[in-house]
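Q: Chains as they are written, first to last, in the numbering used here: chain Y, 1 to 278; chain C, 1001 to 1181.
C-beta atoms are modelled at their ideal positions from N, C-alpha and C, and glycine is treated no differently.
Below you will find the structure I want to go over with you.
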Amino acid sequence: MREIKAADISAAVAQMCMSANTKLPDDVRRKFEEGYKNETTEAGKEIFRQLLENADLAFETKLPLCQDCGLAIFYVELGEDVFVPGGINKAITEGMVTGYKDGYLRKSSCDPLTRKNTGDNTPAIIHIDFKPGDHLKISYMAKGGGSENMSRVTMLAPSQGWEGIKKFVVNRVAEAGPNPCPPVILGIGIGGTFEYAPKIAKQALLRKLDDVHPDPKVAEMEAELLAAVNKLGIGPMGLGGSYTCLAVKIALAPCHIASLPLAVNVQCHSARHEEVEF
Amino acid sequence: MPTYTLNTPLTDSDIDKLRSGDVVLLNGIIYTGRDAAHKRITDLLDKGEPLPFDLKGASIYYVGPSPAPPGRPIGSAGPTTSYRMDAYAPRLHALGLKASIGKGKRSDEVKKAMQEHKAVYFGATGGAGALLSKCITAAKVIAFEELGPEAVRELTVKDFPLLVINDAFGGELYAKPKLDD
Chain Y
1 MREIKAADIS AAVAQMCMSA NTKLPDDVRR KFEEGYKNET TEAGKEIFRQ
51 LLENADLAFE TKLPLCQDCG LAIFYVELGE DVFVPGGINK AITEGMVTGY
101 KDGYLRKSSC DPLTRKNTGD NTPAIIHIDF KPGDHLKISY MAKGGGSENM
151 SRVTMLAPSQ GWEGIKKFVV NRVAEAGPNP CPPVILGIGI GGTFEYAPKI
201 AKQALLRKLD DVHPDPKVAE MEAELLAAVN KLGIGPMGLG GSYTCLAVKI
251 ALAPCHIASL PLAVNVQCHS ARHEEVEF
Chain C
1001 MPTYTLNTPL TDSDIDKLRS GDVVLLNGII YTGRDAAHKR ITDLLDKGEP
1051 LPFDLKGASI YYVGPSPAPP GRPIGSAGPT TSYRMDAYAP RLHALGLKAS
1101 IGKGKRSDEV KKAMQEHKAV YFGATGGAGA LLSKCITAAK VIAFEELGPE
1151 AVRELTVKDF PLLVINDAFG GELYAKPKLD D
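Shown next, in the form of structure tokens:
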């Protein structure tokens, strides 16, 4: 067994929450620069200009990139030979609470019915996958409410196939329009079950925007969806243009012979995530 | 693209000259309010009790800012998605609200109310909260402090950069998605 101290995990998570909310990932920044150069509409260009200025300012001042610092989502790969005295859930949660407090990040979690704010952004949403070995990897994502609200899960009939998937995704983005802060990034979960499809859809958003899926067929599907969505012409912040979506990331999983689960997780342009390994 | 520098409170003649697509640099006092605050304001109206601010000529910014770090009046402060306030907006426009500030589409009911009561809907750039905070020179909580980020704040803004999304004449700036079918 390899022992990893809870305090070390908490400190790393706190740091990661503060850093991710103030430093735009390099791959996202590169897309903004590309958009600023290539967007066909003046209004769209101006949005990219503002977003680049916003990123510079957030990095300098440590003000959050966006006031919605999101619910704190964690995808954890936990080696089966790792032992965290005190528990890994507690370690991550405590780190998150510290990071949101010390980083002056907004606490956006509330009771679903009374709407009373929990005050410290708890609970952290933690997904743990066990892996062989003694490695620990924690990925953090700040997921805002505006884009999450535009996300959907549906259970298609197997006969609808790829065409049905494409239609659902394109219609979803069209209907969302300017609401989720386009240009968006789409995490698509195909297969699995009613609860598993959205889990892998969101996880797919952790990939780099400019990576290429190792399966050429899936890479082709991602490119096809990206082109179809960008034909909508919604553009940055809905003001029209060719940049409605920056990237599409697909995750596949086997599903029941009766089902074709599909989840579309819409991510706003402020795609804030980081990871730490032990 | 026409650019107007306007001061709050906004008047009918301010609203009359605005068309969707215009740029507005807003100055003066604006009020923050999002989901929970709108519910509270509506409850006060139902009970006939006074509101935390005068709606006549007012501008409401749909925002829940991040906490102010030391030495700054406010944290990051960009717009939240506006449709969630659609259920409340027509009533507020009828009582004198001249502008709302947010991002995303409005309902037909809100657009109709803006035409009936001479009001506009401004868009601010979503996800540019650090940048927008530079135009906020002062902030204080004036009601519902217990709501935390959702409390009603009085903000003093200087050249706050906005786009007219919906004007008082049925104009709409957002691009209509191009669907094949």
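#1: Can you give me the C-alpha to C-alpha distance between R1153/C and G1033/C, rounded to a whole angstrom?
#2: Run through the DSSP bridge pairs and tell me what M96/Y is partnered with.
#3: Give me the Cα-Cα distance between G1148/C and V1141/C, rounded to the nearest whole angstrom.
#4: For the region 93 to 105 of chain Y against the region 44 to 61 of chain Y, are there 3 or more C-beta pairs whose distance is under 8 Å?
#5: Quick one, which of V276/Y, F278/Y, S270/Y and K137/Y has its alpha-carbon nearest D26/Y's?
#6: Should I188/Y be labelled buried (16 or more other beta-carbon atoms within 10 Å of its own) or exposed?
#7: Alpha carbons only, please: which of I250/Y, A201/Y, F32/Y and L260/Y is nearest the one belonging to Q160/Y?
#8: If A142/Y sits next to R272/Y, beta carbons under 8 Å apart, how far is it from one beta carbon to the other, in whole angstroms?
#9: Alpha carbon to alpha carbon, how far is R1084/C from G95/Y?
#10: Using the three-state DSSP reduction, which class does L246/Y fall into: helix, strand or coil?
#11: With C-beta atoms as the reference, is E275/Y less than 8 Å away from K137/Y?
#12: Which residue from K37/Y, Q67/Y and I126/Y puts its Cα closest to that of E77/Y?
#13: Sorted by chain position, which residues of the same chain lie with C-beta nearer than 7 Å to D211/Y's C-beta, five sequence neighbours on each side aside?
#14: Which class does C110/Y belong to by DSSP, given the choice of helix, strand or coil?
#15: With a CB to CB cut of under 7 Å and the five nearest residues on each side skipped, what residues in its chain are close to G240/Y?
#16: Who are the neighbours of A58/Y on chain C, taking C-beta pairs under 9 Å?
#17: If I257/Y and E222/Y are in contact, beta carbons under 8 Å, what's the gap, nearest whole angstrom?
#18: My assumption, with CB atoms under 8 Å, is that T1137/C sits in contact with K1158/C. Please give the rounded CB distance.
#19: So, using beta-carbon positions, are I231/Y and K1178/C closer together than 8 Å?
#20: Less than 8 Å between the CB atoms is what I'm expecting for L1162/C and G1123/C, so what's the real figure, rounded?
#21: What are the boundary residues of the beta strand (DSSP E) that includes G164/Y?
#22: Name, in chain order, the residues that DSSP records as bridge partners for H1038/C.
#23: Who are the Cβ neighbours of F32/Y in its own chain at under 6 Å, not counting the five residues just before and after it?
#24: Per DSSP, R2/Y forms a beta bridge with which residues?
#25: Roughly how far, in whole angstroms, is the beta-carbon of P236/Y from the beta-carbon of P180/Y, given that I think they are within contact range, below 8 Å?
#26: Quick check: is the beta carbon of S270/Y nearer than 8 Å to any beta carbon in chain C?
#27: Below 8 Å, can you find three or more Cβ-Cβ pairs linking the region 1001 to 1020 of chain C to the region 186 to 204 of chain Y?
#28: If distances are taken between C-alpha atoms only, which option among L225/Y, R207/Y, A201/Y and G191/Y comes closest to P255/Y?
A: In terms of the structure at hand:
#1: Reading the second sequence from its first residue, position 153 is the one you call residue 1153/C. Reading the second sequence from its first residue, position 33 is the one you call residue 1033/C. Rounded to whole angstroms, R1153/C to G1033/C spans 8 Å at the Cα level.
#2: Reading the first sequence from its first residue, position 96 is the one you call residue 96/Y. For M96/Y, which the question treats as bridged, DSSP gives no partner whatsoever.
#3: As a position in the second sequence, residue 1148/C is number 148, starting the count at 1. As a position in the second sequence, residue 1141/C is number 141, starting the count at 1. Taking the straight line joining both Cα atoms gives about 9 Å.
#4: no
#5: Numbered from 1 along the first sequence, position 26 holds the residue referred to as residue 26/Y. For the residues V276/Y, F278/Y, S270/Y and K137/Y, the minimum Cα distance to D26/Y belongs to S270/Y.
#6: As a working note, residue 188/Y is residue 188 in the first sequence. I188/Y should be labelled buried.
#7: As a working mapping, residue 160/Y is identified with position 160 in the first sequence. The shortest C-alpha separation from Q160/Y is found at L260/Y.
#8: For the purposes of this step, residue 142/Y is taken as the residue at position 142 of the first sequence. For the purposes of this step, residue 272/Y is taken as the residue at position 272 of the first sequence. The pair is a contact, with the Cβ atoms about 4 Å apart (cut-off 8 Å).
#9: Here residue 1084/C corresponds to residue number 84 of the second sequence, with the count starting at 1. Here residue 95/Y corresponds to residue number 95 of the first sequence, with the count starting at 1. Their Cα atoms are separated by approximately 32 Å.
#10: Taking the first sequence and counting its residues from 1, the one referred to as residue 246/Y is at position 246. L246/Y falls in the strand class under three-state DSSP.
#11: On the first sequence, position 275 is the one that residue 275/Y refers to. On the first sequence, position 137 is the one that residue 137/Y refers to. A contact, by the Cβ cut-off of 8 Å.
#12: Residue 77/Y sits at position 77 when you count from the first residue of the first sequence. Checking every option, the nearest Cα to that of E77/Y belongs to I126/Y.
#13: Counting from 1 along the first sequence, the entry for residue 211/Y is found at position 211. Result list for D211/Y: empty, nothing under 7 Å.
#14: Here residue 110/Y refers to the residue found at position 110 of the first sequence. Correct three-state label for C110/Y: strand.
#15: Here residue 240/Y refers to the residue found at position 240 when the first sequence is read from its first residue. The residues are T41, A43, G44 and G233.
#16: On the first sequence, residue 58/Y is found 58 positions in, with the first residue counted as 1. In chain order: S1076, G1129, A1130 and L1131.
#17: Along the first sequence, one-based indexing puts residue 257/Y at 257. Along the first sequence, one-based indexing puts residue 222/Y at 222. Rounded, the Cβ-Cβ distance is 25 Å, inconsistent with contact.
#18: Numbered from 1 along the second sequence, position 137 holds the residue referred to as residue 1137/C. Numbered from 1 along the second sequence, position 158 holds the residue referred to as residue 1158/C. About 5 Å; that satisfies the 8 Å criterion.
#19: As a working mapping, residue 231/Y is identified with position 231 in the first sequence. As a working mapping, residue 1178/C is identified with position 178 in the second sequence. In the sequence as presented, Ile is not what sits at residue 231/Y; that position holds Lys. Result yes, Cβ atoms of K231/Y and K1178/C sit closer than 8 Å.
#20: Within the second sequence, residue 1162/C is the residue found at index 162, counting from 1. Within the second sequence, residue 1123/C is the residue found at index 123, counting from 1. Rounded, the Cβ-Cβ distance is 7 Å, consistent with contact.
#21: Working through the first sequence from its first residue, we reach residue 164/Y at position 164. Where G164/Y is concerned, there is no enclosing beta strand (DSSP E), although the alpha helix (DSSP H) it sits in stretches over G161 to A176.
#22: For the purposes of this step, residue 1038/C is taken as residue 38 along the second sequence, with counting starting at 1. Partner(s): none; H1038/C has no beta bridge.
#23: As a working mapping, residue 32/Y is identified with position 32 in the first sequence. Excluding positions up to five away in sequence, the list reads F48, L51 and L52.
#24: Position 2 of the first sequence, counting from 1, holds the residue named residue 2/Y. Its beta-bridge partners are V82/Y.
#25: Here residue 236/Y corresponds to residue number 236 of the first sequence, with the count starting at 1. Here residue 180/Y corresponds to residue number 180 of the first sequence, with the count starting at 1. Rounded, the Cβ-Cβ distance is 12 Å, inconsistent with contact.
#26: Against the first sequence, residue 270/Y aligns to sequence position 270. Output row for S270/Y: interface = yes.
#27: no
#28: Your numbering for residue 255/Y matches position 255 in the first sequence. Before going on, a small fix: residue 255/Y reads as Cys here, not Pro. Measuring from the Cα of C255/Y, the nearest candidate turns out to be G191/Y.
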